[in-house]
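Each residue of the sequence shown is one higher than the one before, starting from 0 at the first, in numbering that gives the first Met the number 0.
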Amino acid sequence: MIVVSSCLAGLKVRYNGSHSLNVKIKELIDKKEAIAVCPELLGGFQTPREPCEIKGGNGYDVLDGHAIVIDKSGNDVTDLYVDGAFKTLAVVKQLQASTVVLKESSPSCGSSYIYNGNFEGIQHEGAGITTALLRRAGIKVISENELAKALL
């Protein structure tokens, strides 16, 4: 069993009410080989919502209290992101998932890249909060870009 970002399964849960359908992930869901979760919705966000970015670091820094997550209006929404990450970890542990596939670039789910925290559309290397928490727990997290290689 693997856990995947809900937006990759075609659910309209992204901040702007859209999805990021990945056909292979949808097939895994349809075959009941994957379960979809959205850390942001688990944390209490609604869809749609303002875009958010990590300010001052990456997901590891947020978990360590050295960075925050802000929405585009400047509101600190860190607690919602951290809560969603811990709820996702609980789901992953309950399912004993071997792999988690999360949406690249998201402040929750990014596994290689996240936005720079200035709402400029500029990405830099880094992990989102859910990815950081899962990896600290020893769980394999990849992006949708790495899925084909992981399934070989």
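Just so it is clear, CB atoms sit at the ideal spot from N, CA and C, and this is done for glycine as well. Note that the structure is predicted; figures quoted are calculated from it, not measured.
- Take leucine 10, set aside five residues on each side of it, and the residues of its chain with a beta-carbon closer than 8 Å to its own are His18, Ala35 and Cys37, in chain order.
- Apart from the 5 residues on each side of it in sequence, proline 50 sits with its Cβ closer than 6 Å to the Cβ of Tyr14 and Lys71 in its chain, given in chain order.
- Rounded to whole angstroms, the gap between the alpha carbons of valine 81 and threonine 87 is 10 Å.
- Around the Cβ of serine 97, a 10 Å sphere holds fewer than 16 other Cβ atoms; the residue is exposed.
- If you look at threonine 98, you'll find it in the beta strand (DSSP E) that goes 98-101.
- Counting every other CB atom within 10 Å of its CB across the protein chains shown gives alanine 84 a total of 16 or more, marking it as buried.
- Under DSSP, the beta-bridge partners assigned to histidine 123 are Ile113.
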